[in-house]
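Numbering (UniProt numbering), first residue to last: 1 to 193. Built from N, CA and C at the ideal position, the CB exists for glycine as well. First up is the structure itself, then whatever we jot down about it.
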Amino acid sequence: MKRIINMITSLLILFSIQISAKLNPQTPSETSNNILDLIVKNIDGKEVKLSQYKGKVLLIVNVASKCGYTPQYEGLEKLYEKYKDNGFEILAFPCNDFGGQEPGTTEEIKEFCSTKYNVTFPLFDKIKVIGKEKSPLYERLINSKNVEQGDIKWNFEKFLIDKNGEIVARFRSKVKPESEELVSAIEKELNKK
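Listed below in C-alpha cells is the structure:
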C-alpha cells in the first residue's frame, strides 16, 4: 500500500510540474541573450526591427532630459561620431521612470536633444524600463545571463550588444561614455570578425 501511495505521489508531482510549465512557459525575453528578434518604435512612432542592426555593435541607453547624468548626451554623441563609420550605433530610449526626469513629449525630447546636445544618433519612443509595463527590450536586457542581472537603477545605464545581437556588457549610469572601460569594450567588439 505504501508503494502505491508513493507512486501516486510521484505521478501527481510530475503532473503538477508539467501543468505549471504549460501555464507559465518561459518567453524568449526571459531566456534569450539576443535582441535581434525584437521590434521597437522610433521617436516618430514607426516600428523598427532590431534585426536591421545585425552586423553592428550597439550601445543601448535609457536617457532623460532633466537628470544629473543628462550631460552624458555630449559624450555619447562624441562616441557616435568617432565610431559610427566603423559599424557602431547608439540607440537611445527616453524614459520617465526615475524622478519624472523625462516628462516631455517625443517632439520636445527630439528638440531638446538636437538643440542642446546636437544628437545625431537614433532616438526611440519613450518607454518604461522598470515595473510591470517594462518594455520587452529592457526585460531581455536586465535578465541576460551574459551580464549583471537586475533592474535598471537610474537613467543612462548602458548595454553593449555585439554584431550578432548578443548582450555582452552592462555599464551603470555613472560610467561615462568617454570612460576607458566603455571605450575599450566598444573597440573590442568593433574589432571582432
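C-beta contact flag for residue i and residue j at 8 Å
i           : j           : result
residue 189 : residue 160 : yes
residue 62  : residue 156 : yes
residue 59  : residue 158 : yes
residue 38  : residue 182 : no
residue 64  : residue 98  : yes
residue 73  : residue 147 : no
residue 178 : residue 116 : no
residue 55  : residue 163 : yes
residue 95  : residue 129 : yes
residue 75  : residue 176 : yes
Where residue i falls: helix, strand or coil (DSSP)
i           : result
residue 193 : coil
residue 95  : strand
residue 86  : helix
residue 142 : helix
residue 156 : coil
residue 23  : Residue confidence for residue 23 is low, a pLDDT of 43 falling below 50, so the modelled location carries little weight; the figure read from the coordinates is stated next. Looking at residue 23 - three-state DSSP - the assignment turns out to be helix.
residue 36  : coil
residue 112 : helix
residue 57  : strand
residue 130 : coil
residue 147 : coil
residue 183 : helix
residue 174 : coil
Cβ distance (whole Å) where residue i is taken to contact residue j below 8 Å
i           : j           : result
residue 167 : residue 144 : 4 Å
residue 69  : residue 135 : No, residue 69 and residue 135 are not in contact; Cβ-Cβ is about 20 Å, not under 8 Å.
residue 132 : residue 123 : Contact doesn't hold; Cβ gap of about 25 Å is too wide.
residue 121 : residue 90  : 4 Å
residue 195 : residue 80  : In the structure displayed, the chain extends from 1 to 193; residue 195 sits before or after that span and is not available.
From the options, residue whose alpha carbon lies closest to that of residue i
i           : options           : result
residue 40  : 125, 107, 85      : 125
residue 57  : 86, 108, 104, 152 : 86
residue 103 : 176, 114, 67      : 67
residue 32  : 89, 46, 88, 149   : 149
residue 165 : 50, 46, 153, 76   : 50
residue 88  : 46, 44, 169, 53   : 53
Beta-bridge partners of residue i, as assigned by DSSP
i           : result
residue 41  : 47
residue 62  : 93
residue 123 : 92
residue 166 : 34
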